[in-house]
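**Q** Dropping the structure in here first, questions after.
Residue numbers (our numbering), protein chains in the order written: chain A, 10 to 299; chain B, 3 to 354.
The following block contains the structure:
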């Protein structure tokens with residue numbers, strides 16, 4: 010029972026960052042119809058930027074988090090502008106191949122710049138855990154969870170309460186009509202990609218102190234993000250949020266009760282199963298983002 | 003003309019070990035050849051049926067592991083508790099078993115994944131490859147996990163009790179590679195030039211239309227996946243008995259990406275494309291190695307891939323073919339123009 014509670018708490022905390030990753034990816038897919046293979050690299054980028062600003066420049070941890078996210082947004086916008094804009098309207102395979110190319114370039118640049126040695130980031134949080142009876146959680150993980158929830162709610166508000174969000178939803182529904190209504194589609198695409206990238210960078214930066222930072226950390230993160238997006242249905246914001254938590258639960262319990270070696274396989278088996286029985290995701294395909 | 007070019011190229015390949023003394027160069031060529039075979043098999047799916055399978059390395063790895071395990075012999079505790087002991091099998095038999103098992107995996111994954119298309123298909127194939135990698139890594143009883151399977155026997159031929167030859171050297175392995183490559187090429191060529199190949203292209207170009215004229219889309223896709231997987235398995239078996247060590251790194255995603263780059267660069271949906279792309283990207287690393295580290299090389303590959311998809315989306319082979327034809331056409335046209343002008347001036351002169 011105690012063990013069960015501990016797994017549950019771990020899954021909840023992990024799920025927050027998974028949801029962040031999934032939301033960014035699902036938005037980019039839903040609005041732009043692009044399978045974004047650079048998503049994992051933006052996650053890695055966020056982690057390295059946090060490492061750089063905190064450990065090399067020596068700035069305050071919370072300021073550094075914000076800096077990492079902003080840099081992620083800028084990098085995302087730059088990728089959209091240079092790589093995706095020139096091939097707008099190309100079929101999905103073409104954009105996918107371009108994104109795979111970008112992914113290879115980014116990952117190896119990271120390896121080149123930072124070398125393969127794992128980096129760790131220290132936080133201002135106390136290292137001894139919070140203990141509630143039989144379960145224990147580190148302070149930093151609680152902070153990660155809170156920050157992730159805040160970002161998810163923030164992204165949700167952005168999509169539902171702002172003019173930009175309204176334009177995004179319109180573009181998602183029917184990009185041609187949206188363009189006719191005077192929405193600058195290109196700007197919406199750039200904004201979407203930048204926002205999704207910012208969320209990925211945030212997830213990477215938040216998790217950097219929990220794990221270590223390596224150039225290849227983005228690979229498994231990207232695959233998990235794909236799994237989450239499939240669970241929730243491509244382009245489904247709520248689905249991705251719930252999907253993130255489901256994946257975390259399955260992984261945590263799979264690792265705890267079946268085999269820890271197969272932890273990362275759980276997600277893949279889950280998506281294979283979902284695609285077999287419910288190819289459009291666990292939830293009804295979203296008619297619009299939200 | 004094409005046939006002559008092909009045979010000439012084959013003769014050139016056959017002649018290579020006679021005039022290349024450097025064993026290291028031969029080693030590079032064998033490695034490149036193994037990748038070319040993998041790329042050819044991927045091209046069947048990516049180029050002819052238009053399905054971007056990013057889990058291709060799984061079939062390569064299944065072929066490699068099956069062939070290695072059978073030739074070494076293994077014992078494993080089965081799920082129902084019993085113990086399964088298999089003694090070392092002849093290499094050729096293991097190699098064939100690897101092909102068959104890879105083909106079966108292709109059938110299985112084809113049955114599952116061709117229910118979906120596009121992004122879903124891509125992700126399900128990646129997932130499959132990741133699962134196979136994790137199995138290779140974690141089923142230590144069988145695969146030795148990260149400790150790798152070592153001292154795998156090389157290819158050999160024997161007449162039992164009379165004569166036996168084991169191929170440790172580079173030259174025989176080069177010819178084995180070449181033979182498997184040629185057989186794979188012929189299988190793929192016959193397949194895509196048959197009714198079946200036309201059906202595949204039809205469904206690549208317009209799936210609803212293909213269905214409406216009675217093409218059983220899933221059946222053809224699954225068949226393409228089986229053949230493609232079996233050939234990739236052959237490449238894996240070849241690799242395993244040449245390098246003679248196999249670890250879970252054969253499942254690295256980067257190998258799938260390498261094959262994709264080869265196919266895209268050379269020209270997907272053409273028979274020669276993967277060979278051209280495979281030779282370029284099989285040999286290029288060795289040339290670039292002098293000038294830059296592996297990271298810089300990969301950065302270059304990624305950039306080349308982006309550039310090719312953006313500026314030369316069909317790949318090198320179709321672009322060259324078109325260039326050739328246009329040149330021929332314009333030469334013919336200019337010939338016609340010159341003779342035409344000469345003729346007209348000839349008729350005009352008297353009137354003046």
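For every residue, glycine included, the Cβ atom is placed at its ideal position computed from N, Cα and C.
(1) Which runs of the alpha helix (DSSP H) spanning at least 4 residues fall entirely within the stretch 168-256 of chain A, listed in chain order?
(2) Assuming residue 146 of chain A is part of the beta strand (DSSP E), what are its boundary residues?
(3) Could you tell me how far apart the beta carbons of residue 225 of chain B and residue 198 of chain B are, in whole angstroms, since I believe they sit closer than 8 Å?
(4) Going by DSSP, what residues sit across from residue 165 of chain B in a beta bridge?
(5) Beta strand (DSSP E) containing residue 63 of chain A: first to last residue?
(6) Compute the Euclidean distance between the alpha carbons of residue 301 of chain B and residue 246 of chain B, then round it to the nearest angstrom.
(7) State the start and end residues of the unbroken alpha helix (DSSP H) segment that holds residue 143 of chain B.
(8) Can you find a CB in chain B that lies within less than 8 Å of the CB of residue 121 of chain A?
(9) Ignoring anything shorter than 4 residues, give me the alpha helix (DSSP H) runs that lie fully in the stretch 255-286 of chain B, in order along the chain.
(10) Using a C-beta cutoff of 8 Å, does residue 107 of chain A count as contacting chain B?
(11) Count the other CB atoms, across all protein chains shown, that sit within 10 Å of the CB of residue 84 of chain A; report buried if there are 16 or more and exposed otherwise.
(12) In its own chain, which residues sit with a C-beta less than 8 Å from the C-beta of residue 297 of chain A, not counting the 5 before and 5 after it?
(13) Quick one: is residue 284 of chain A near chain B, going by C-beta distance under 8 Å?
(14) For residue 58 of chain A, count neighbouring Cβ atoms within 10 angstroms of its own Cβ and tell me buried if that reaches 16, exposed if not.
(15) Can you tell me where the alpha helix (DSSP H) holding residue 76 of chain A begins and where it ends?
(16) What does the alpha-carbon distance come out to for the pair residue 219 of chain A and residue 27 of chain A?
(17) So which of B:126, B:252, B:34 and B:53 has the shortest CA-CA distance to residue 101 of chain A?
(18) Answer with yes or no whether the minimum CB distance from residue 298 of chain A to chain B is below 8 Å.
(19) Thinking C-beta only, is residue 112 of chain B closer than 8 Å to residue 41 of chain B?
(20) What's the gap between the Cα of residue 60 of chain B and the Cα of residue 218 of chain B?
(21) Does the pairing of the stretch 240-260 of chain B with the stretch 127-134 of chain B give three or more beta-carbon distances under 8 Å?
(22) Could you check how far apart the C-beta atoms of residue 107 of chain A and residue 312 of chain B are, in whole angstroms? I think they sit under 8 Å.
(23) Assign residue 224 of chain B to one of three DSSP states: helix, strand, or coil.
(24) Exposed or buried, what is residue 238 of chain A when buried is set at 16 or more other beta-carbons lying within 10 Å of its beta-carbon?
(25) Rounded to the nearest angstrom, how far is the Cβ of residue 2 of chain B from that of residue 275 of chain B, given a contact under 8 Å?
**A** This is what the structure holds:
(1) 172-182, 184-189, 194-216 and 226-241
(2) Looking up residue 146 of chain A in the first chain gives position 137. Looking at the DSSP string, the run of the beta strand (DSSP E) that includes residue 146 of chain A is 144-146.
(3) As a working mapping, residue 225 of chain B is identified with position 223 in the second chain. As a working mapping, residue 198 of chain B is identified with position 196 in the second chain. Residue 225 of chain B to residue 198 of chain B, Cβ: 7 Å. Contact.
(4) The residue you call residue 165 of chain B lines up with position 163 of the second chain. DSSP output for residue 165 of chain B lists B:161 as bridge partner(s).
(5) Taking the first chain and counting its residues from 1, the one referred to as residue 63 of chain A is at position 54. Counting along the chain, residue 63 of chain A falls outside any beta strand (DSSP E), and DSSP gives it neither H nor E.
(6) Residue 301 of chain B sits at position 299 when you count from the first residue of the second chain. Residue 246 of chain B sits at position 244 when you count from the first residue of the second chain. Cα to Cα, residue 301 of chain B sits roughly 30 Å from residue 246 of chain B.
(7) Residue mapping note: residue 143 of chain B aligns to position 141 of the second chain, counting from 1. Counting along the chain, the alpha helix (DSSP H) containing residue 143 of chain B begins and ends at 142-145.
(8) In the first chain, residue 121 of chain A corresponds to position 112, counting from 1. It does; some Cβ of chain B falls within 8 Å.
(9) You should have 255-268.
(10) Within the first chain, the letter at position 98 stands for residue 107 of chain A. With 8 Å as the cut-off, residue 107 of chain A counts as an interface residue toward chain B.
(11) As a position in the first chain, residue 84 of chain A is number 75, starting the count at 1. Buried: at least 16 other Cβ atoms inside 10 Å.
(12) If you number the first chain from 1, residue 297 of chain A lands on position 288. Interpretation of residue 297 of chain A is limited by its pLDDT of 42, a score under 50 that renders its predicted location unreliable; no figure is taken from the coordinates.
(13) Along the first chain, read from residue 1 onward, the residue named residue 284 of chain A stands at position 275. At least one chain B Cβ lies under 8 Å of residue 284 of chain A.
(14) The residue given as residue 58 of chain A occupies position 49 in the first chain. In the assembly as shown, residue 58 of chain A is a buried residue. Its beta-carbon has 16 or more other beta-carbons within 10 Å.
(15) Here residue 76 of chain A refers to the residue found at position 67 of the first chain. Run containing residue 76 of chain A: 70-88, per the alpha helix (DSSP H) assignment.
(16) Start at 1 with the first residue of the first chain, and residue 219 of chain A comes out as number 210. Start at 1 with the first residue of the first chain, and residue 27 of chain A comes out as number 18. Going by the C-alpha atoms only, they are around 14 Å apart.
(17) The residue labelled residue 101 of chain A in the question sits at position 92 within the first chain. Measuring from the Cα of residue 101 of chain A, the nearest candidate turns out to be B:53.
(18) Looking up residue 298 of chain A in the first chain gives position 289. In this prediction, residue 298 of chain A has a pLDDT of 45, which is less than 50 and means its spatial position is unreliable; nothing more can be read from the coordinates.
(19) Within the second chain, the letter at position 39 stands for residue 41 of chain B. Within the second chain, the letter at position 110 stands for residue 112 of chain B. No, they are not a contact pair.
(20) Working through the second chain from its first residue, we reach residue 60 of chain B at position 58. Working through the second chain from its first residue, we reach residue 218 of chain B at position 216. Residue 60 of chain B and residue 218 of chain B have their C-alpha atoms roughly 26 Å apart.
(21) yes
(22) Here residue 107 of chain A refers to the residue found at position 98 when the first chain is read from its first residue. Here residue 312 of chain B refers to the residue found at position 310 when the second chain is read from its first residue. With 8 Å as the limit, residue 107 of chain A and residue 312 of chain B qualify as a contact, their Cβ atoms being about 7 Å apart.
(23) Looking up residue 224 of chain B in the second chain gives position 222. Reduced to three states, the DSSP call for residue 224 of chain B is helix.
(24) In the first chain, the residue the question calls residue 238 of chain A occupies position 229. Residue 238 of chain A is buried by the Cβ-count criterion.
(25) No information on residue 2 of chain B is available, as it lies outside the stretch 3 to 354 that chain B covers here.
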